[in-house]
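First up is the structure itself, then whatever we jot down about it.
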Amino acid sequence: MRSLWRWFAEKWVFLLGLMLLGYLFVPIAVVLLLSFNQPGSRNTTYVLDFNDLHFTMDNWTNMCGAAGLCDSLQRSIIIGFCATVLSTILGTLISFALVRYRFIGRGATNTLIFLPMATPEIVMGTSLLTLFIGAKLPLGFLTILIAHVMFCISFVVVTVKARLAGLDPRLQEAAMDLYATPWQAFRLVILPLVMPGIMAAALLAFSLSFDDFIITNFVTGTSGYDTFPMFIWGSNLRGIPPQVNAVASAMFLISFAFVIAGQLRTRRRSARRAATS
Amino acid sequence: MAALLPTAGGTGAPVDAPPASPPAGMRARRWVPYALLAPGLLWLIAFFIVPVWQLFAASLWDPNGSVETGYAMTWSWSNYATAWDMFHVQFLRSLWYALITTVVCVLLAYPLAYAIAVKGGRWKNLMLVGVIAPFFTSYLVRTYSWKAILADTGPVVEFLKWIHVLGPDGRLLATEFAVIAGLVYNFLPFMVLPLYASLEKLDVRLLEAARDLYHGPVRSFLRVTLPLSMPGVVAGTLLCFIPATGDYVNAQLLGGPNTQMIGSVIQSRFLVVNDYPIASALSVMLMATILVLVTIYVSTAGTEEVV
Amino acid sequence: MTDQDLCIEGVTKTFGSFTAVDDLTLTIPDGSFFALLGASGCGKTTTLRMVAGLEEPTAGRITLGGLDITRMRPYKRPVNTVFQSYALFPHLSVADNVAFGLRRKGVSKADARGRVAEMLDLVQLGQYGSRRPAQLSGGQQQRVALARALVNNPEVLLLDEPLGALDLKLRRQMQIELKRIQTEVGITFVHVTHDQEEAMTMADTVAVMNEGRVEQLGAPAEMYEFPASAFVANFLGQSNLIQAQVTGQADGHVTVDAHGNRLAVPAGRCRVTSGSALLGVRPEKLHLAADPAAVPQGHAAVGGVVTDASFTGVSTQYLVRAPWGSELTVFVPNSGVTAPQLPGAEVHVHWAPAHSFLVGS
């Protein structure tokens, strides 16, 4: 009894942490469960009644069965890809300027980077819509892309900046000392070392873009260029097709598998490193 | 989200170390940083600064105009008074909900971040993956999932009825509880990550020294751990409070007419009613309020660098 | 002087209002092991960086073998650097790190491989070519940094506090190692350090820097025995410096009055011959006598009281309070010749005038 008490005194914070982690997984588990459920009638996809569950694989085998679902997914991927590429390039350039150069206007630049992150999405959505209406720019692919790149840039900058700032400035000097021109020093030393940061920023940008609803809702208008979140929102009245749960579950499982695989790889690598030294 | 993670203090370069200037080979070209900045900053200026400015202008348009007839710029400052009169309930409610959400998030995130950073051991990285796991699915789907969990025939309500916390007609959906629960769930990771980052940097030896000095885990926590993790608390608070204030997804999906938040109002004024002047005025009010609150908060909390 | 000397002529470097290097002129002979010694902030690293091309002088000229390299890009100079924190490329293997410079100079992969292997053998890391820098110990990383610079066969090798991150024992070992390698390859080494012992052990010539200027330049023994200034006397080992007033000159000696004691210093060991000065004697050149009669003929002596005696193994370190209040440090070898003194004992501190020196105050 006493030893049990001591074990608990030692571990209670950890156990509390595990419980909170469990809480974060609850809705995900429900989505997984519902992805195998055949809703009794329309409009009841999001009802969790344990007495009224009907197992089915249909949602998984027939994901594109719901009209418009797969089109919206495709649009989200296209937008996400374009927004990621653009914002990662623009943001990375800014972080290089911020970390590696001293120039007039640094403070203003930092503020400009910070502001979009300190602004609620709804404000950015309304202001962009005002701009687009004023400029008579037809809403659709282009306006969505513009908006997504805009709100991704700041996040790319801070992510890449963190990695760059952690880089020893002597590495570039060492490269130049060893006969590398500034361009070679960048290509052979700086870029490979900053790459993990850039990749992380790109992943972040993609997930921000892919999942954005509030801003996208403003800049899509009636163009019909509905992304995945817009599709879900739009289906609200007609009833959300149960396939959405299969798609969301698949998204979760794929991302989770990737991240875990990455974790295992770094763990194995560090274990090997520890073994050899 | 790394955005507001606390950064390490000064650069702490030794006196004899090279100053933070680029090597001679690069210094000559002063235009380089501006060339690097230009495309990204122009994008931000064109699609953030200019629109916000236009939004501000739109908030002063003639409220009697319409999409069909167009709007005249009449410097109608009265739009703000009108907006306040019509929607101050939702406005204040949003701030209130966001505040509760933030407080609850701190209370939940602290033990979680602490467990990962200090007690995580070899499970640290895996637990961190768990924290960001909700991001792997769609925000809307997650919120819909809560709708199912909290539904009138759902397990939570059934249980609460069974232990007589809820009456036979009691429900959770369309209540403040549901909206705030949704907000807390959706923004909890944004609180955990910066908190984790600041707790992770904490030197375990400091805690041991603190136990020596203050005796007892409670006092050493209050005097050492908590103050040292303040930058994380500040960053997490901002990451939580700001989006929560402007959110309308949770209020829309989990709430009812009595829990409407300002985001819903702006959204419907803009997209449904097409009342641009009032909707713009509300947006500007929201942005201004948040900027003022954040400035006050950050300066009182005393962390010089949050970006 | 040969043609390949490195010459720094009237070089000044300012950062804003701060002058890091002030009108510095130095000639570093070809093939020498040269140390720049000074406390942090004295301008020694900035000097090194200007030679490497990582900093541009505000004024002055740097030439190498007669060629003006003042504004030459770092990647065009026949100069390589061992950085303070090594600055090894963490994403490249040890062999690729060492091959980096050769590959940039256009040496073929195959040729580079052979030279890299040779160089890794020289620094005794032949087995470690495929490792990453993070998998090596501090001492091993240091040697990789050295190999990476040396493999390019530079005309001058710059070492910026190369041993600063190593523990004492490893540092001693690497000092000997570096000296051996320098003798073997015959390249000019310019070594920046704040550790006077390290500078003295390794270098043929030491330049002591202070506030952006060279205080003294010379062979280590020469500088130690006859420092040019109070700063050098204190920075290079320990000194007892006694405030004194020059009273005159006679028989090749300068006589001074130190707190009422008339003392003589050979004229050849005086940096100043008038006005107020500091009379210096190294602690190991001071002797203790319990009895005035035991003071040898010709020695200068002052009385005092032992205030502290600490046993350090090879010697005992005494603090003796002189009548004018300041304390003199005396090292007495534990050779068993004299009996130890206890704190409180009255003693006579004496020294051979030829061991004293006079510097400006």
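Protein chains in written order, with this note's numbering: chain A, 15 to 291; chain B, -9 to 297; chain C, 102 to 462.
From the three backbone atoms N, C-alpha and C, an ideal C-beta is built for every residue, glycine too.
Keep in mind the model is a prediction, meaning the values are calculated, not measured.
A:Gln198 sits in a helix when the DSSP states are folded into three classes. Listed in chain order, the alpha helix (DSSP H) elements of length 4 or more contained wholly in the segment 323 to 399 of chain C are 331 to 336. With a threshold of 9 Å between beta carbons, B:Gly226 makes no contact with chain A.
Here B:Glu58 is exposed, its C-beta having fewer than 16 other C-beta atoms within 10 Å. Here B:Ala234 carries a helix assignment [DSSP, helix/strand/coil]. DSSP lists C:Lys114 as the beta-bridge partner residues of C:Val122. Classified as buried, A:Pro41 has 16 or more neighbouring CB atoms from the shown chains inside 10 Å of its CB.
At the C-beta level, C:Gly338 and C:Tyr325 come within 9 Å of one another.
The Cβ atoms of C:Gly369 and C:Val460 lie no closer than 9 Å to each other. At a cut-off of 9 Å between beta carbons, A:Gln277 makes no contact with chain C. Counting every other CB atom within 10 Å of its CB across the protein chains shown gives C:Pro328 a total of 16 or more, marking it as buried. Close CB contacts of B:Asn69 within its chain, under the 7 Å cut and outside five residues either way in sequence, are with Ser49, Leu50, Pro53, Pro267, Ile268, Ala271 (chain order). For A:Lys25, at least one C-beta of chain B is nearer than 9 Å to its own C-beta.
In this structure the segment 141 to 160 of chain C lies against the segment 291 to 298 of chain C, because at least three pairs of beta carbons, one per stretch, are closer than 8 Å.
With respect to the C-alpha of C:Val183, the residue from C:Arg244, C:Ala331, C:Asp268, C:Val315 having the closest C-alpha is C:Arg244. B:His78 sits in a helix when the DSSP states are folded into three classes.
Chain C places no beta carbon closer than 9 Å to that of A:Gln257, leaving this residue out of the contacts. Taking C-beta atoms under 8 Å as the contact rule, C:Pro158 and C:Thr113 qualify, at a distance of about 7 Å. In the displayed model, C:His456 falls within a helix according to three-state DSSP. Following the DSSP letters along the chain, one finds B:Tyr24 inside the alpha helix (DSSP H) bounded by residues 22 to 34. The segment 250 to 265 of chain A makes no contact with the segment 190 to 206 of chain A; the number of CB pairs closer than 8 Å stays below 3.
For C:Thr126, the closest C-alpha among the options C:Ala345, C:Gly215, C:Arg162 is that of C:Arg162. Contacts with chain B at 9 Å (Cβ-Cβ) include A:Gly148. In the structure shown, the three-state DSSP call for B:Tyr175 is helix.
Along the segment 105 to 119 of chain B, the positions whose C-beta sits under 7 Å from a C-beta of chain A are Ala105, Ile106, Lys109, Asn115, Leu116, Met117, Val119, read in chain order. Residues are counted here when their Cβ sits less than 9 Å from a Cβ of chain A; for the segment 182 to 195 of chain C these are Thr182, Phe184, Gln185, Ser186, Tyr187, Ala188, Leu189, Phe190, Pro191, His192, Leu193, given in chain order. One finds nothing in chain A with a Cβ atom closer than 7 Å to the Cβ of B:Pro221; even the nearest lies about 14 Å away. Burial check for B:Arg161: the Cβ neighbour count within 10 Å reaches 16 or more, so the residue is buried. A straight-line Cα-Cα distance of about 28 Å links B:Arg20 and C:Gly202. Its chain contains Ser101, Thr102, Gly105, Ala215, Ala219 as the residues whose beta carbon lies nearer than 6 Å to that of A:Val170, once the 5 sequence neighbours on both sides are disregarded; these appear in chain order. Inter-residue distance for C:Gly287 and C:Asp106 is about 13 Å (C-alpha atoms, whole angstroms). Non-local beta-carbon contacts of B:Ser66 in its own chain, meaning distances under 7 Å to residues more than five positions away in sequence, involve Leu50, Trp51, Asp52, Pro53, Pro267 in chain order. According to the DSSP assignment, C:Tyr419 belongs to the beta strand (DSSP E) that extends over 416 to 422.
When C-beta distances to chain C are compared with 7 Å, the residues of the segment 194 to 215 of chain A below that value are Ala194, Thr195, Gln198, Val203, Pro206, Leu207, in chain order.
Contact of B:Trp136 with chain A is assigned, a C-beta pair being separated by under 9 Å. What C:Leu155 touches in chain A, judged by beta-carbon distance under 8 Å, is Glu187, Met190, Asp191, going in chain order.
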